[in-house]
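Trainee:
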Amino acid sequence: MKSPIDSRARFVETTAALLRRQGYHATGLSQIIKESGAPKGSLYFHFPGGKETLAEAALEQSGDQMHEDLRRLVAAAKGPKEAIMAVTTALADQLEASDFLDGCPVATVALEAAAQSPTLQAVCSRSYARWQEMIEAYLERSGLPPTQAGSLANLVLCAVEGALLLSRAHRDTTPLRRVGQQLAALVAGGARGDAGGKQSTRP
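The number in our numbering is simply the position in the sequence shown, starting from 1, with 8 added.
1. Taking Cβ positions, are C132 and A118 nearer each other than 7 angstroms?
2. Where does S208 land, buried or exposed, given buried means 16+ other C-beta within 10 angstroms?
3. In whole angstroms, what is the alpha-carbon distance linking A46 and T61?
4. Just curious, the alpha helix (DSSP H) that Y32 is in, first and last residue?
5. Which of the three DSSP states is assigned to T96 in this structure?
6. Between G34 and L27, what straight-line distance do the alpha-carbon atoms span, to the nearest angstrom?
7. Let's test the definition: count the other Cβ atoms within 10 Å of the Cβ of Y52 and tell me whether it reaches 16, buried, or not, exposed.
8. In its own chain, which residues sit with a C-beta less than 6 angstroms from the C-beta of V164, not counting the 5 before and 5 after it?
9. When you compare only the Cα positions, how much space is there between L160 and L81?
10. Would you mind reading off the limits of the alpha helix (DSSP H) that contains F53?
11. Helix, strand or coil for P1, going by three-state DSSP, please let me know.
12. Tell me whether the beta-carbon of V114 lies closer than 7 angstroms to the beta-carbon of G57.
13. For A66 versus A24, is the C-beta spacing smaller than 7 angstroms?
14. Cα separation between D110 and L103?
15. Would you tell me roughly how many angstroms separate the C-alpha atoms of V20 and L147, rounded to the nearest one?
16. Assuming L147 is part of the alpha helix (DSSP H), what are its boundary residues?
17. Where F55 and A196 are concerned, what is the direct C-alpha to C-alpha distance, given to the nearest angstrom?
18. What are the boundary residues of the alpha helix (DSSP H) that G170 is part of?
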């Protein structure tokens, strides 16, 4: 028999995958129960608030996983330029591998449900804040002053999120890969100290 913990994990993992692919409104409890293979009776035991509380847990898990993936890619990179390229390349490769079904694990819900659900809005906001804080901290460690690192981290996050959306819409990862190249050059310049209006002394 499946343990209660296993049933909860199956509900969360299944919901996370469905939200990523088809959004909040198109994902129903019947589909979640069917695809998870977990007992129907245990759903409200683990998630007495129903679909919204289940989606909250799934988004938390997706946000944590994305944070860990970003941390791992950035930690393995030689510098800011390589880190940006590693992240955007990984996202583009994952998007192609999923036949353009798997975009950002948070964006789909943020776009369609956050305005109607304070609970889901809050969890989406927390995920985005954590990702930006990690990027900002990395840029500071790479030599950027805090104010510049903060604004540049915001730009990186916004550009990558927008490029993911365009890539899904076009079924083509060119927007994401191009944004990666442009951001890599911008971030590398900032880390050298020649972003923000200074001329580079390099040939």
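Every residue gets a Cβ at the ideal spot worked out from N, C-alpha and C, and that includes glycine.
Being a predicted model, the structure only gives us computed values, none of them experimental.
Mentor: On the basis of the coordinates in this document:
1. yes
2. Residue confidence for S208 is low, a pLDDT of 37 falling below 50, so the modelled location carries little weight and cannot support an answer.
3. A straight line joining the alpha-carbon of A46 with that of T61 spans about 17 angstroms.
4. Note, Y32: premise wrong, no alpha helix (DSSP H); not H, not E.
5. helix
6. One detail in the question is off: residue 34 reads as Ala in this sequence, not Gly. Straight across, the Cα-Cα distance linking A34 with L27 is about 8 angstroms.
7. exposed
8. I143, L191
9. 18 angstroms
10. 51-54
11. Since the first and last residues shown for the chain are 9 and 211, residue 1 lies out of range.
12. no
13. yes
14. Their backbone Cα atoms lie some 6 angstroms apart in a straight line.
15. 33 angstroms
16. 126-149
17. 45 angstroms
18. Residue range 154-178 is occupied by the alpha helix (DSSP H) that includes G170.
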